[in-house]
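Undergrad:
Number of protein chains: 2
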Amino acid sequence: MSRGVTRRGLFVGAGALGLGAAAGCSAGGKSATESTTLGATTATARSVPFYGQHQAGIATPAQDRLAFAAFDVVATDRSDLVTLMQTWTAAAAAMTAGKQVPGGATSPQAPPQDTGEAVGLPAASLTVTVGFGPGLFDKRFGLASRRPAALAELPALPGDQLDPEKSGGDLCIQACANDPQVAFHAVRNLARLGRGIVQMRWFQLGFGRTSSTSSSQETPRNLMGFKDGTRNIKGEDEGLMGSFVWVGSETDQSWLQGGSYVVTRRIRMLIESWDRDYLKDQENVFGRSKISGAPLTGKTEFDAPDFGAQDATGEPVIPTDSHVRLAAPENNAGLRILRRGYSYTDGIDPVTGQLDAGLFFIAYQQNPHKQFVALQRRLGSKDSLNEYILHTSSAVFACPPGVQNAQDYWGRTLLT
Amino acid sequence: MSRGVTRRGLFVGAGALGLGAAAGCSAGGKSATESTTLGATTATARSVPFYGQHQAGIATPAQDRLAFAAFDVVATDRSDLVTLMQTWTAAAAAMTAGKQVPGGATSPQAPPQDTGEAVGLPAASLTVTVGFGPGLFDKRFGLASRRPAALAELPALPGDQLDPEKSGGDLCIQACANDPQVAFHAVRNLARLGRGIVQMRWFQLGFGRTSSTSSSQETPRNLMGFKDGTRNIKGEDEGLMGSFVWVGSETDQSWLQGGSYVVTRRIRMLIESWDRDYLKDQENVFGRSKISGAPLTGKTEFDAPDFGAQDATGEPVIPTDSHVRLAAPENNAGLRILRRGYSYTDGIDPVTGQLDAGLFFIAYQQNPHKQFVALQRRLGSKDSLNEYILHTSSAVFACPPGVQNAQDYWGRTLLT
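Next up, the structure:
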């Protein structure tokens with residue numbers, strides 16, 4: 108077995124029976140299908156369809172774990188980019204189906220085609236999503252005229268304390284899965300396949316909802332202990348996805364139609380300070396009750412906030428500088444984004460000796476300057492949460508449309 | 108609800124019915140019991156008994172995720188240490204049962220007793236294991252005469268490239284769980300409760316076997332793609348645990364009887380070099396087949412290696428410098444250790460631009476100098492694996508015996 112060898116031998120039989128991972132697929136990975144591995148019938152073992160109108164990993168319900176990498180392109184020829192995208196596409200198609208990286212003959216006298224640490228593990232709902240940074244559209248590859256206007260570097264924003272070495276990048280890969288080893292394996296193998304063409308610039312691990320341990324927890328909590336994502340766009344809401352997430356006919360660059368933009372922000376939480384804050388103050392910062400997640404004007408998590416409500420002294424019940432008020436679509440001309448962030452912990456800050464932990468914020472949207480930048484300008488200048496957070500990394504990428512089939516590849520509409 | 112408040116309200120009812128997490132407990136956490144949370148009936152949701160002859164987290168089957176922290180003690184009074192251990196014990200007993208951190212009245216005008224990010228999550232098989240470093244036995248606390256001889260700092264060893272800031276420590280906490288947020292929550296809350304008495308020195312996250320996604324994968328793979336742990340001691344093997352892991356009557360310090368020693372080593376893998384190595388060479392380095400995990404003289408993973416077997420040219424089939432040969436008990440006067448390590452990935456090495464990833468090696472044993480040091484002297488000087496690894500952090504701690512009941516606390520036998 109060489110090309111197309113499966114992570115488990117079982118997949119071979121499954122394919123022959125027509126029960127492969129692509130069965131029942133639909134665009135955007137919304138209907139994850141059961142994989143056919145024995146002993147792995149839980150939600151965590153499923154495979155998400157790779158091919159479709161949109162890339163998977165955007166509308167796909169958030170998996171448990173994240174491995175995110177940004178790369179600089181070190182090659183200077185556009186044909187190298189095409190080769191890279193074709194290679195990455197084939198590898199991602201295989202890995203998201205729970206198979207090993209394909210390509211070429213294997214021999215005991217050659218390096219293995221796949222690094223092997225995911226052998227025996229199921230697809231684990233792996234999605235791999237690619238994006239192109241503004242730098243890719245400089246002079247090197249003759250792509251300057253194809254840069255969408257909305258793919259401009261983000262401006263300086265209130266709250267920025269960015270580390271330039273952990274920001275930006277020509278390309279990005281978002282790998283999400285319900286198993287950290289599967290997510291890491293995907294990024295590591297794509298980095299390996301890209302040697303000589305790309306160099307990894309920064310890398311971030313994250314963890315999020317824990318569906319495998321808590322199917323009843325509908326909204327995960329961030330590391331401040333608050334539910335995060337109550338009012339987020341749902342991937343299956345095609346109306347909101349079309350209005351706020353997918354790039355459509357409004358774009359100045361038709362190659363990006365069916366794609367999206369992703370903004371990433373590494374938002375460090377000053378958790379030692381936060382942990383010393385009073386419960387009531389914490390709740391005023393978010394505008395929500397900590398345990399229930401209800402807005403301060405409601406009783407349950409999904410109650411709509413009543414921004415007009417006042418207390419006995421005439422003060423707003425949901426403070427004017429609370430996060431829920433400042434971020435609410437009602438108070439931002441209806442603006443929305445699709446958030447898909449993960450918590451992170453990266454050891455100890457060597458300067459302060461405190462835990463370096465927080466939120467790796469990921470947001471998909473139709474236009475980052477009209478959406479994320481507008482929201483962050485407002486939040487960054489007024490949000491009482493700012494006392495407890497720092498934005499330490501920032502990046503923006505245009506994510507091309509989905510790969511249609513095995514002959515297609517990521518970025519074909521841009522690179523040809 | 109204040110003291111004893113549960114992570115889920117459901118636990119309150121469960122306790123009243125006598126179905127609490129301590130039901131059916133036995134020493135050492137070997138018989139994990141089902142928690143009673145609704146919608147969380149998988150193996151990942153169980154709670155591991157906290158009280159027993161030995162600390163849990165040693166013989167306990169390895170959970171999926173690790174959060175490991177080392178601390179320096181900044182207080183100078185032994186009574187502060189006693190207070191800390193009593194506080195930590197009560198908090199760990201609650202958290203491992205899936206409850207919030209207890210203690211004191213909660214008020215909206217006070218910081219919450221628990222940081223809250225694990226509310227709604229089950230116990231997830233959390234174990235919390237404490238150890239005392241050699242530095243604790245200096246002049247500060249009057250404990251110098253209580254230091255076991257075996258709790259000496261580890262000598263310089265072949266392969267060391269240690270970062271002193273990420274090595275050592277007066278105390279350690281190993282938190283393992285099947286949910287990363289639960290493991291992180293435990294360390295974070297213990298660090299918070301220890302403020303003014305301890306300062307975190309270093310912190311390491313890890314991930315390991317993924318029982319929730321792959322119940323059929325009996326031996327997890329390391330980041331070199333090889334199965335790791337095939338010949339490890341099983342926690343339920345009481346004979347081997349008694350001979351090689353638990354401290355018994357052989358110790359010079361009776362307070363440690365029923366305890367163990369832990370050695371931690373952050374072993375970075377040079378995975379970019381490894382990934383370019385030929386499959387056959389990789390297999391010769393380990394002395395095993397990559398996919399099956401079988402020794403080169405066998406057909407299946409659990410076949411015993413035949414160290415005498417020769418090939419047609421008279422060379423040993425399992426090379427003389429292979430890892431399996433050098434580490435084998437047969438070739439080390441029967442010496443064994445209980446390994447409980449986790450893979451890690453910590454972003455990019457800023458010097459080389461390569462992924463900083465590898466194994467956070469954790470090994471429990473009766474005497475680190477007679478066991479780990481002897482093995483590592485042999486491996487570090489001869490093992491062909493050394494070309495691909497660096498030891499970047501090192502620590503040793505004595506882990507006191509288990510906490511007997513709610514009146515007992517970690518380290519009582521030492522501190523009183």
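Going down the list, the sequences are from chains A and B.
Quick note: to get this note's numbering, add 107 to the position in the first sequence (first position is 1).
Quick note: to get this note's numbering, add 107 to the position in the second sequence (first position is 1).
In this text, a Cβ means the ideal position worked out from N, Cα and C, and glycines have one as well.
Just to check my reading of the structure: B/Thr203 and B/Leu228 have Cβ atoms closer than 8 Å, yes? What is that Cβ distance to the nearest angstrom?
TA: Within the second sequence, residue 203 of chain B is the residue found at index 96, counting from 1. Within the second sequence, residue 228 of chain B is the residue found at index 121, counting from 1. At roughly 13 Å, the Cβ-Cβ gap does not stay under 8 Å, so B/Thr203 and B/Leu228 are not in contact.
Undergrad: Inspect the beta-carbon positions of B/Tyr449 and B/Leu173 and report whether they are closer than 7 Å.
TA: By one-based count along the second sequence, residue 449 of chain B stands at place 342. By one-based count along the second sequence, residue 173 of chain B stands at place 66. Yes, the Cβ-Cβ distance between B/Tyr449 and B/Leu173 is below 7 Å.
Undergrad: Which bits of chain B does A/Ile378 rub up against, with CB to CB less than 8 Å?
TA: Looking up residue 378 of chain A in the first sequence gives position 271. Those are Thr222 and Arg295, listed as they occur along chain B.
Undergrad: Roughly how many whole angstroms lie between the Cα atoms of A/Gly366 and A/Pro426?
TA: Position 259 of the first sequence, counting from 1, holds the residue named residue 366 of chain A. Position 319 of the first sequence, counting from 1, holds the residue named residue 426 of chain A. Roughly 37 Å separates the two Cα atoms.
Undergrad: Quick check: is the beta carbon of A/Thr427 nearer than 7 Å to any beta carbon in chain B?
TA: As a first step, residue 427 of chain A must be located in the first sequence, where it is residue number 320. False, the Cβ-Cβ gap to chain B never drops below 7 Å.
Undergrad: Hey, how far is the Cα of A/Ser322 from the Cα of A/Arg328?
TA: For the purposes of this step, residue 322 of chain A is taken as residue 215 along the first sequence, with counting starting at 1. For the purposes of this step, residue 328 of chain A is taken as residue 221 along the first sequence, with counting starting at 1. Residue placement at A/Ser322 cannot be trusted, given a pLDDT of 46 that sits under 50; what the coordinates show is reported in the next sentence. For A/Ser322 and A/Arg328, the distance between alpha carbons rounds to 14 Å.
Undergrad: Could you spell out the range, first to last residue, of the alpha helix (DSSP H) harbouring B/Asp187?
TA: What you label residue 187 of chain B is simply residue 80 of the second sequence in a count that begins at 1. Looking at the DSSP string, the run of the alpha helix (DSSP H) that includes B/Asp187 is Arg185 to Thr203.
Undergrad: Which residues, in chain order, does the stretch 386–407 of chain A contribute to contact with chain C at a C-beta distance below 8 Å?
TA: Given the protein chain composition of this structure (A and B), no chain C is represented.
Undergrad: So if I threshold CB-CB distances at 8 Å, which residues from the stretch 445–456 of chain B count as touching chain A?
TA: Per Cβ criterion, the list reads Ser450, Thr452, Asp453, Gly454 and Ile455.
Undergrad: Rounded to whole angstroms, how far is the Cβ of B/Arg253 from the Cβ of B/Gln360, which I believe are closer than 8 Å?
TA: The residue you call residue 253 of chain B lines up with position 146 of the second sequence. The residue you call residue 360 of chain B lines up with position 253 of the second sequence. That pair is a contact at about 6 Å.
Undergrad: Kindly list the residues whose CB is nearer than 6 Å to the CB of B/Gly135, restricted to its own chain and excluding five residues on each side of it in sequence; keep chain order.
TA: Taking the second sequence and counting its residues from 1, the one referred to as residue 135 of chain B is at position 28. At B/Gly135, the pLDDT of 37 sits below 50, so the modelled position is not reliable and the matter cannot be decided from this model.
Undergrad: Would A/Ala505 pass as a contact of A/Tyr368 if the rule is Cβ separation under 7 Å?
TA: The residue you call residue 505 of chain A lines up with position 398 of the first sequence. The residue you call residue 368 of chain A lines up with position 261 of the first sequence. In this structure, A/Tyr368 lies closer than 7 Å to A/Ala505 by Cβ.
Undergrad: Taking the alpha carbon of A/Ala259 as the reference point, which residue from A/Gly275, A/Arg247 and A/Asp410 has its own alpha carbon closest?
TA: Working through the first sequence from its first residue, we reach residue 259 of chain A at position 152. The shortest Cα separation from A/Ala259 among A/Gly275, A/Arg247 and A/Asp410 belongs to A/Gly275.
Undergrad: Cutting at 6 Å between CB atoms, please list the residues of its own chain near A/Ser490, excluding the five before and the five after it.
TA: As a position in the first sequence, residue 490 of chain A is number 383, starting the count at 1. It should be noted that the sequence gives Asp, not Ser, for residue 490 of chain A. The residues are His430 and Leu433.
Undergrad: So that I know if they touch, is there some Cβ in chain B lying closer than 7 Å to that of A/Arg328?
TA: One-based indexing of the first sequence puts residue 328 of chain A at position 221. Chain B contact via Cβ: present.
Undergrad: Taking Cβ positions only, does A/Phe310 come closer than 7 Å to chain B?
TA: Counting from 1 along the first sequence, the entry for residue 310 of chain A is found at position 203. Answer yes: the Cβ-Cβ gap between A/Phe310 and chain B drops below 7 Å somewhere.
Undergrad: At a CB distance below 7 Å, what residues from the stretch 218–249 of chain A approach chain B? Give them in sequence order.
TA: Going along the stretch 218–249 of chain A in chain order, one finds Pro218, Pro219, Thr222, Gly223, Glu224, Val226, Gly227, Leu228, Pro229 and Ala231 with a Cβ nearer than 7 Å to chain B.
Undergrad: Can you give the Cα-Cα distance for B/Met376 and B/Ala263, rounded to whole angstroms?
TA: In the second sequence, residue 376 of chain B corresponds to position 269, counting from 1. In the second sequence, residue 263 of chain B corresponds to position 156, counting from 1. About 20 Å.
Undergrad: Expressed to the nearest angstrom, what Euclidean distance is found between the alpha-carbon atoms of A/Ser399 and A/Gly405?
TA: The residue you call residue 399 of chain A lines up with position 292 of the first sequence. The residue you call residue 405 of chain A lines up with position 298 of the first sequence. Spanning the two alpha carbons is a distance of roughly 10 Å.
Undergrad: Could you name each continuous beta strand (DSSP E) segment of 3 residues or more that falls completely within the stretch 270–298 of chain B, going from the start of the chain to the end?
TA: List check, beta strand (DSSP E) in window: 278–284.
Undergrad: Assuming contact is defined by CB atoms lying nearer than 7 Å, are A/Phe51 and A/Val370 in contact in what I supplied?
TA: As shown, chain A starts at 108 and ends at 523. That puts residue 51 of chain A outside it, with no answer to give.
Undergrad: Thinking just about the alpha-carbon of each residue, which of B/Pro241, B/Arg247 and B/Asp267 is nearest to the one in B/Ala256?
TA: For the purposes of this step, residue 256 of chain B is identified with residue 149 of the second sequence, where counting begins at 1. Ranking the options by Cα distance to B/Ala256, first place goes to B/Pro241.
Undergrad: When burial is assigned at 16 or more other CB atoms within 10 Å of the CB, is A/Lys397 buried or exposed?
TA: As a first step, residue 397 of chain A must be located in the first sequence, where it is residue number 290. Answer is buried; the Cβ neighbour count reaches 16.
Undergrad: Can you name the residues that DSSP bridges to A/Ala174?
TA: Taking the first sequence and counting its residues from 1, the one referred to as residue 174 of chain A is at position 67. Answer is A/Ala282 and A/Leu312.
Undergrad: Among A/Trp195, A/Ile455 and A/Phe467, which residue has its Cα nearest to the Cα of B/Trp309?
TA: Mapped onto the second sequence, residue 309 of chain B falls at position 202. That would be A/Ile455, whose Cα lies nearest to the Cα of B/Trp309.
Undergrad: Determine the DSSP secondary structure at A/Tyr471, reduced to helix, strand or coil.
TA: Here the question's residue 471 of chain A lines up with position 364 in the first sequence. If DSSP states are grouped into helix, strand and coil, A/Tyr471 belongs with the strands.
Undergrad: When the Cα of A/Val181 is compared with those of A/Asp410, A/Thr196, A/Ala197 and A/Ile304, which residue comes out closest?
TA: If you number the first sequence from 1, residue 181 of chain A lands on position 74. Looking at the Cα atoms, A/Ile304 is the closest of the given residues.
Undergrad: Cβ of A/Gln216 less than 7 Å from any chain B Cβ?
TA: Walking along the first sequence from the start, residue 216 of chain A turns up at place 109. Chain B, which has a Cβ nearer than 7 Å to the Cβ of A/Gln216, makes this yes.
Undergrad: Should B/Glu224 go down as buried or exposed, given a rule of 16 or more other Cβ atoms within 10 Å for buried?
TA: Counting from 1 along the second sequence, the entry for residue 224 of chain B is found at position 117. So B/Glu224 counts as buried.
Undergrad: Assuming the contact rule is C-beta atoms closer than 8 Å, A/Pro294 and A/Ala284 should be a hit. Round their C-beta distance to whole Å, please.
TA: Locating residue 294 of chain A in the first sequence gives position 187, counting from the first residue. Locating residue 284 of chain A in the first sequence gives position 177, counting from the first residue. According to the sequence as given, residue 294 of chain A is Val; it is not Pro. Between A/Ala284 and A/Val294 the Cβ distance is about 10 Å, and since that is not below 8 Å, they are no contact.
Undergrad: What are the partner residues of A/Leu228, as DSSP defines its beta bridges?
TA: As a first step, residue 228 of chain A must be located in the first sequence, where it is residue number 121. A/Leu228 pairs with nothing; no bridge assigned.
Undergrad: Below 8 Å CB to CB, which residues in the same chain sit around A/Gly111 once its five sequence neighbours on both sides are set aside?
TA: What you label residue 111 of chain A is simply residue 4 of the first sequence in a count that begins at 1. Because A/Gly111 sits at a pLDDT of 34, beneath the cut-off of 50, its placement in the model cannot be relied upon, and the following sentence gives the value as read from the coordinates. Within the same chain, A/Gly111 has close Cβ partners Ala201, Lys206 and Pro209.
Undergrad: Output the distance between the C-alpha atoms of B/Ala411 and B/Phe333, rounded to the nearest integer angstrom.
TA: Locating residue 411 of chain B in the second sequence gives position 304, counting from the first residue. Locating residue 333 of chain B in the second sequence gives position 226, counting from the first residue. Cα to Cα, B/Ala411 sits roughly 17 Å from B/Phe333.
Undergrad: Taking 7 Å as the CB-CB limit, is B/Asp490 close to chain A?
TA: By one-based count along the second sequence, residue 490 of chain B stands at place 383. For B/Asp490, the answer is no, since every Cβ of chain A falls outside 7 Å of its Cβ.
Undergrad: How is B/Pro346 classed by DSSP in three states: helix, strand or coil?
TA: By 1-based counting over the second sequence, the position of residue 346 of chain B is 239. Checking the sequence, you will find Gly at residue 346 of chain B rather than Pro. Three-state result, B/Gly346: helix.
Undergrad: Would you tell me roughly how many angstroms separate the C-alpha atoms of A/Pro423 and A/Glu437, rounded to the nearest one?
TA: By one-based count along the first sequence, residue 423 of chain A stands at place 316. By one-based count along the first sequence, residue 437 of chain A stands at place 330. Their backbone Cα atoms lie some 16 Å apart in a straight line.
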